[in-house]
Amino acid sequence: MGSFSIWHWLVVGILVLLLFGKGRFSDMMGDVAKGIKSFKKGMADDDEARPAPRQIDGQRSPDATPTPTAETENR
Numbered sequence: 001m002g003s004f005s006i007w008h009w010l011v012v013g014i015l016v017l018l019l020f021g022k023g024r025f026s027d028m029m030g031d032v033a034k035g036i037k038s039f040k041k042g043m044a045d046d047d048e049a050r051p052a053p054r055q056i057d058g059q060r061s062p063d064a065t066p067t068p069t070a071e072t073e074n075r
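When the letters of the sequence shown are read in order and numbered with the UniProt record's numbering, they come out as residues 1 to 75.
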């Protein structure tokens with residue numbers, strides 16, 4: 001009673017194509033793909049942009065930001 005059959009999904013798909021049109025639907029999916037690629041690129045750039053802390057005689061310099069530990073990440 002609660003699940004949909006293949007025919008229900010087929011009717012829903014046809015209605016979506018009729019409402020949005022084939023061109024508009026493919027444009028919308030292309031925009032979603034561009035957004036995902038942009039998000040992944042931004043995440044990769046963020047990881048590369050983080051500089052490594054400087055060390056003086058085996059210790060961190062006072063201006064270096066602390067790296068998160070397992071204890072601080074779980075809070």
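The beta carbon of each residue, even a glycine, is placed where N, CA and C say it ideally should be. Computed from a predicted model, the values in this text were never measured in an experiment.
Which two residues bound the contiguous alpha helix (DSSP H) that contains PHE4?
Taking the sequence shown and counting its residues from 1, the one referred to as residue 4 is at position 4. No alpha helix (DSSP H) holds PHE4; DSSP gives it neither H nor E.
Does DSSP classify GLY21 as helix, strand or coil?
Translated into the one-based positions of the sequence shown, residue 21 becomes position 21. Coil, per DSSP.
Going by the beta-carbon positions, is the gap between PHE25 and LEU17 smaller than 8 Å?
Here residue 25 corresponds to residue number 25 of the sequence shown, with the count starting at 1. Here residue 17 corresponds to residue number 17 of the sequence shown, with the count starting at 1. Result yes, Cβ atoms of PHE25 and LEU17 sit closer than 8 Å.
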